[in-house]
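Remarks on the structure that follows.
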Amino acid sequence: RGLIARRGPNDAQWTMVKTPAGGPNCIAADVLRPGRFYVTLKEGGLWRSDDGGENWKNVIDGDAHWVSPDMVKANRVVVNTPNRVLVSLDAGATWREMSRALPYRHPRNVVC
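If you count by this note's numbering, then the sequence shown holds residues 351 to 462, one letter each, in order.
Printed below as a string of structure tokens:
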């Protein structure tokens, strides 16, 4: 249904998360930053929440398919869009392309 719910460690029940418009493709928690989540939306880009899904900030416009925060290096995150794979070293403030060296990189075939 394109819905996202959250439940904190001290919550008794699940709460629906209000996300920006667009159905979610992928959601990922940043294990190095409690409360930080990323969600990719169909035709809605990549969004980041630093407060457990209460508020969202757009960090990439357009269509985004998969997102993967690094589990070792803080603030490093990778996302793939319909035609590029991007990496950020500052939690999505800036991006650089890393896909030119990759072979077949169909947007739904790349797993970060």
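Yeah, the Cβ is synthetic: ideal placement off N, Cα and C, and Gly gets one too.
- Per DSSP, the beta bridge partners of E447 are L436.
- By the beta-carbon neighbour count (other beta carbons within 10 angstroms, threshold 16), R357 is exposed.
- For T365, the uninterrupted beta strand (DSSP E) segment begins and ends at 365 to 367.
- Exclusion of the five residues before and after R386 leaves A379, D380, R398, S399, D400, P419, A441 as the residues of its chain whose Cβ lies within less than 8 Å of its Cβ.
- Distance from the CA atom of P384 to the CA atom of P432, rounded to whole angstroms, is 29 Å.
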